[in-house]
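**Q**
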Amino acid sequence: MGRMITVGRGFGKYSFNDAVLMGKEGDTILLEPGHYAHTDGYTTKHLKLRGLGKKPNDVVINTDIYVKEGGSLNLENVVLDSHTIEDSNTCYLYPGATLIARGVVFMPPENYPAIFANKGTVGLTACTVMQDNVKRYALYGQNDSNFILSQCDVESIRVEQSKATLQSSQIRSSLAVAKNSEVDADTLFIATIREPYYTLLVTDSSVLRITKLVLPAGQADAKAVGSSQVTVDEDNIDGSHLLTIQQDEDSDVRVPNASVNLLKKATSTAESSTPPKPTPKAAAESADPHPDDDDANQAEAKPDPEPEEPAIDQLRAMVGLKQVKDEVDQFVKLAVFNKKRTDKGLPGISQSLHSLFLGNPGTGKTTVARLVAKVMFQEKVLPKDNYVEVSRADLVSENVGGTALKTQKVLDAALGGDLFIDEAYTLYQEGGTNWGQEAVDTIMKYMEDHRNDLMIIFAGYTKPMQDFINMNPGLRSRTPNLFHFADYAPAEIADIGVTQIKDKKFTIDEAYYRKTVEQAYKSDVDHSNGRWIRNFNDRLLRIVANNVMSHEERDDSSILNTDIDELVGGDAAAKKDKVKGLLAELDGLVGQQSVKNAIHDLVDQVQVTEKMGDKLGKVDQATYHMVFAGDPGTGKTTVARILAKLFYNLGVLPKDTVSEVSRPQLIGRYIGETEAKTSKVIRDAIGGVLFVDEAYQLTAAGNAQDFGAKAVENFITELENHRQEFVAIFAGYTEPMQQFLDANPGLRSRVPYTIEFQSYSPEEVAEIVDRLVTRHLNVNSVLLKKVVATHYAQLPAKEKANGRWARTFYEKLVQHHKLWLVNHADTDDIQQIQDEVVMESLSWQI
Numbered sequence: 020m021g022r023m024i025t026v027g028r029g030f031g032k033y034s035f036n037d038a039v040l041m042g043k044e045g046d047t048i049l050l051e052p053g054h055y056a057h058t059d060g061y062t063t064k065h066l067k068l069r070g071l072g073k074k075p076n077d078v079v080i081n082t083d084i085y086v087k088e089g090g091s092l093n094l095e096n097v098v099l100d101s102h103t104i105e106d107s108n109t110c111y112l113y114p115g116a117t118l119i120a121r122g123v124v125f126m127p128p129e130n131y132p133a134i135f136a137n138k139g140t141v142g143l144t145a146c147t148v149m150q151d152n153v154k155r156y157a158l159y160g161q162n163d164s165n166f167i168l169s170q171c172d173v174e175s176i177r178v179e180q181s182k183a184t185l186q187s188s189q190i191r192s193s194l195a196v197a198k199n200s201e202v203d204a205d206t207l208f209i210a211t212i213r214e215p216y217y218t219l220l221v222t223d224s225s226v227l228r229i230t231k232l233v234l235p236a237g238q239a240d241a242k243a244v245g246s247s248q249v250t251v252d253e254d255n256i257d258g259s260h261l262l263t264i265q266q267d268e269d270s271d272v273r274v275p276n277a278s279v280n281l282l283k284k285a286t287s288t289a290e291s292s293t294p295p296k297p298t299p300k301a302a303a304e305s306a307d308p309h310p311d312d313d314d315a316n317q318a319e320a321k322p323d324p325e326p327e328e329p330a331i332d333q334l335r336a337m338v339g340l341k342q343v344k345d346e347v348d349q350f351v352k353l354a355v356f357n358k359k360r361t362d363k364g365l366p367g368i369s370q371s372l373h374s375l376f377l378g379n380p381g382t383g384k385t386t387v388a389r390l391v392a393k394v395m396f397q398e399k400v401l402p403k404d405n406y407v408e409v410s411r412a413d414l415v416s417e418n419v420g421g422t423a424l425k426t427q428k429v430l431d432a433a434l435g436g437d438l439f440i441d442e443a444y445t446l447y448q449e450g451g452t453n454w455g456q457e458a459v460d461t462i463m464k465y466m467e468d469h470r471n472d473l474m475i476i477f478a479g480y481t482k483p484m485q486d487f488i489n490m491n492p493g494l495r496s497r498t499p500n501l502f503h504f505a506d507y508a509p510a511e512i513a514d515i516g517v518t519q520i521k522d523k524k525f526t527i528d529e530a531y532y533r534k535t536v537e538q539a540y541k542s543d544v545d546h547s548n549g550r551w552i553r554n555f556n557d558r559l560l561r562i563v564a565n566n567v568m569s570h571e572e573r574d575d576s577s578i579l580n581t582d583i584d585e586l587v588g589g590d591a592a593a594k595k596d597k598v599k600g601l602l603a604e605l606d607g608l609v610g611q612q613s614v615k616n617a618i619h620d621l622v623d624q625v626q627v628t629e630k631m632g633d634k635l636g637k638v639d640q641a642t643y644h645m646v647f648a649g650d651p652g653t654g655k656t657t658v659a660r661i662l663a664k665l666f667y668n669l670g671v672l673p674k675d676t677v678s679e680v681s682r683p684q685l686i687g688r689y690i691g692e693t694e695a696k697t698s699k700v701i702r703d704a705i706g707g708v709l710f711v712d713e714a715y716q717l718t719a720a721g722n723a724q725d726f727g728a729k730a731v732e733n734f735i736t737e738l739e740n741h742r743q744e745f746v747a748i749f750a751g752y753t754e755p756m757q758q759f760l761d762a763n764p765g766l767r768s769r770v771p772y773t774i775e776f777q778s779y780s781p782e783e784v785a786e787i788v789d790r791l792v793t794r795h796l797n798v799n800s801v802l803l804k805k806v807v808a809t810h811y812a813q814l815p816a817k818e819k820a821n822g823r824w825a826r827t828f829y830e831k832l833v834q835h836h837k838l839w840l841v842n843h844a845d846t847d848d849i850q851q852i853q854d855e856v857v858m859e860s861l862s863w864q865i
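Each residue of the sequence shown is one higher than the one before, starting from 20 at the first, in the working numbering.
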């Protein structure tokens, strides 16, 4: 068993250099918190180092380490920093060498990978591998090397004739797989898009397999050439997270939702792929495996893009956002004015660039932030064209002290440009350990020190962001620039949609499309602005693709009006026909003529309002919350389902769904739970019909202290706040439902309709039974109806359950028919229920 050699101050402890020199295979060197340096570096056969601090940066080692052939290096909980050492990797593995590291931060010099393996094995767990120079790779393996990474954060990786396995890891800029290499990743996070380099590069018969790819917002680019293969099972590609892949004819790319461009012939992979030259010391001990190439280890850049118009013009060309555009214009003018004065040596106007972007989802906050970053660079207000976009996960670590390290790294990366912190309010979380507060504290200190060479934008939904600022008073004084992003109007949503369609080179009946989009957006409860129209177009184009593939004669660049109608459930004529069909279905129900009349009246009201439009003058929008009163089994649920479909096809509701709940789904066990449960039920029902069965049970206790009363109070608020966004139907016995409405005065004014369901007569119950039976079986209907009516009429009043009794009778009749078949297996017609079975039913207890 090896020794434990402690490095630090005090009796029995050694200096770092002495400990390394005296250590043998099996020994573990324990480093107390502190800074240790040996810039001459080490070449070792076996070395095991473990930091004794609470976090890696408690122990910082300024050195580089070369591992001899067949040797091993084991590191834990330290920072290995060689960024000030010239011409060296942080760790270099000769053939057969192994590096195992846990909780280690590797910091290399500017022009060399942090870790280079030549026929070596590297296993990293919860490590960070840096490389500030985006032209160089942070992790490099060649010649049958093997990398296994778990929960790591790596700037960039390149493997040649090697293998890599990535588990729940993040790559900050690029992954290159070359020369018959294989890389497998489960969940792979890409943190940043580094222009002009490829995010993913797969060449020379290599294979990249990813179970789930998570891209940052923006346009990422990839390339697969030279008989290579790229397979992604799942990704987050959408209108904000884009991936374009250049593929040659010999390669196989399978990435859902990505845009794949086929190259006419395989592109050259002559980008320099060699690692850096070793140090003179390493070269003296081993043959130099590296060619002498000044462009060694450079990432491949994408072709030069076409010149783009100035960012300020792109911003002005965006749909809507007039207030934001005016605010940004004033903000930029002041910043440029201030810069001109300071350039002349005149006193500048005190101005912080840090800002707040407040608005609902899909209002363009991220897009505007990117353009503002470019404007600030193009106008020479900020020195770098540098835009960094992060969220809570990029800043916060659940390791003590880790958050400050992660946040500081992000801030340093953004210095000179713009840092966009999306959903910034998530940095403050009530209850438990608030890890985000450490990030906020680090940011506030940094933003004060860099008022003139960094612009930090905190973005998020308006209400949570206001709460976030109130919880962090120091932020308010440091972010004086406030930008409010208003929701888009329906016409602006249509403008955005038309632009997106045209950008994809489709032709469309623009007037018809605009009319449909505006109406759909007005009636939908999901007003997520730009995201809504992006999703609308995505669904539309899927329909187009399906229809084109089903009809080969169709033009694949045309969107037909029938495609649009298919998306929204049919055109006006089709929906009108559906309404007629649903009313016919309603009229075909047994009995309940007064209910049918009431529903017909409702439909007439809706149709008149739609037809007359503004001719009726200014009237409040109708609300259709209602009570269904009546005994059980009278068809209340069935009518509610028909009504939901009617309201959908009439344009009253955006969905034809019915959410059915009762007291248990609404009432909590402790204070506050009822309000939360009720709100969730209503939220889930938004857009359709919410059917509350036996609603009177909410007020059955008869006192305000019962949690049911809290549910009713919550309903009253939500019925008013979302009066056009859903229809609530409260159902139950007639008398208790009247008491339910009387329990709270606010209910009656918000539930304007009451529809009474009468109990069925014996003849109507008999008709229901006959319809149930004759759907699948044959019977003497005259006899059956007579027997059922007689049986039902003789029942005590408390046992007359209407349609429920009819269904129970039907089920029992079928059971007795099956028993009859057991004793009469030779019958010619097993579908025929015999008269004797029907007659026996008079003696049944149901």
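For each residue, glycine too, the CB sits at the ideal point set by N, CA and C.
What you are looking at is a predicted structure, and each value in this text was computed from that prediction instead of being measured.
So, for N871: in the same chain, excluding its five sequence neighbours on each side, which residues have a beta-carbon less than 7 Å away from its beta-carbon?
**A** With the chain represented from 20 up to 865, any question about residue 871 goes unanswered, as that position is not in the structure.
**Q** Taking Cβ to Cβ, would you say E129 is nearer than 8 Å to N152?
**A** A contact, by the Cβ cut-off of 8 Å.
**Q** Name the residue from P764, N799, K363, Q850 whose alpha carbon lies nearest to the alpha carbon of E786.
**A** N799
**Q** Does the beta-carbon of K74 have 16 or more other beta-carbons within 10 angstroms, so that it is buried, or is it exposed?
**A** With 16 or more other Cβ atoms within 10 Å, it is buried.
**Q** Classify Q612 as helix, strand or coil using the three-state DSSP reduction.
**A** helix
**Q** Quick one: using the 10 Å Cβ neighbour count with 16 as the cut-off for buried, is M484 buried or exposed?
**A** Answer is buried; the Cβ neighbour count reaches 16.
**Q** Using three-state DSSP, classify D313 as helix, strand or coil.
**A** Low confidence applies here, because D313 scores a pLDDT of 40, under 50, leaving its location unreliable; read the following figure in that light. D313 carries a coil assignment under DSSP once its states are collapsed to helix, strand and coil.
**Q** Is it buried or exposed, Y113, if we count other Cβ atoms within 10 angstroms and call 16 or more buried?
**A** Burial call: buried.
**Q** Give me the residue from K363, E408, K399 with the minimum Cα distance to T385.
**A** E408
**Q** Compute the Euclidean distance between the alpha carbons of E732 and T718, then round it to the nearest angstrom.
**A** E732 and T718 have their C-alpha atoms roughly 11 Å apart.
**Q** Leaving out the 5 sequence neighbours to the left and right, which residues in its chain are closer than 7 Å to A289 when beta-carbon positions are compared?
**A** Residue confidence is low: A289 scores 36 on pLDDT, short of 50, so the model does not pin down where it sits. No coordinate-derived value is stated.
**Q** In whole angstroms, give me the CA-to-CA distance for T535 and G339.
**A** 19 Å
**Q** Please identify the residue among L40, D46, N36, F30 whose C-alpha is closest to the C-alpha of I24.
**A** D46
**Q** Round the Cβ separation of Q777 and Q611 to the nearest angstrom and send it over; I've been treating them as touching at under 8 Å.
**A** 7 Å
**Q** Would you report the Cα separation of K804 and E604, rounded to the nearest angstrom?
**A** 22 Å
**Q** Going by alpha carbons, who is nearest to L621 out of L608, V609, T642?
**A** T642
**Q** Put V857 into one of helix, strand or coil per three-state DSSP.
**A** In this structure, V857 counts as helix in the three-state DSSP scheme.
**Q** Is it a yes or a no for the stretch 227–236 touching the stretch 185–203, going by three-plus beta-carbon pairs under 8 Å?
**A** yes
**Q** Between which two residues does the alpha helix (DSSP H) containing Q485 stretch?
**A** 481–490
**Q** Note the first and the last residue of the continuous beta strand (DSSP E) segment covering K64.
**A** 61–70
**Q** Going by beta carbon distance, what residues of the same chain come within less than 6 Å of Q238, once the five residues before and after it are set aside?
**A** L261
**Q** Touch check for the stretch 392–408 and the stretch 240–258: three-plus C-beta pairs under 8 Å?
**A** no
**Q** Residue range of the alpha helix (DSSP H) that L791 falls in?
**A** 781–793
**Q** Check Q189 in the structure and name its three-state DSSP category.
**A** DSSP places Q189 in strand when its eight states are reduced to three.
**Q** Can you check DSSP and say which residues form a bridge with E408?
**A** F439
**Q** If we define contact as Cβ-Cβ less than 8 Å, is I686 a contact residue for chain D?
**A** Among the protein chains of the structure shown there is no chain D, as only one such chain exists.
**Q** Which residues does DSSP list as the beta-bridge partners of I527?
**A** I578.
**Q** In the DSSP assignment, find the unbroken beta strand (DSSP E) run with S91 in it and report its ends.
**A** 84–95
**Q** Between the stretch 476–491 and the stretch 370–382, are three or more C-beta pairs nearer than 8 Å?
**A** Yes: the two stretches touch, three or more of their Cβ pairs being nearer than 8 Å.
**Q** Pull up the distance between the alpha-carbon of G549 and that of K341, whole angstroms please.
**A** Their Cα atoms are separated by approximately 15 Å.
**Q** Quick check on S200: does DSSP put it in helix, strand or coil?
**A** coil
**Q** Taking all protein chains shown into account, decide if V26 is buried (16 or more other Cβ within 10 angstroms of its Cβ) or exposed.
**A** buried
**Q** Quickly, what does DSSP pair M645 with across the bridge? List them, please.
**A** In DSSP, M645 forms a bridge with I748, Y772.
**Q** Less than 8 Å separating the beta-carbons of S681 and G707?
**A** The Cβ atoms of S681 and G707 lie no closer than 8 Å to each other.
**Q** Could you tell me which residues DSSP puts in a beta bridge with E179?
**A** Q161, A197
**Q** Name, in chain order, the residues that DSSP records as bridge partners for E679.
**A** Here E679 is bridged, per DSSP, to F710.
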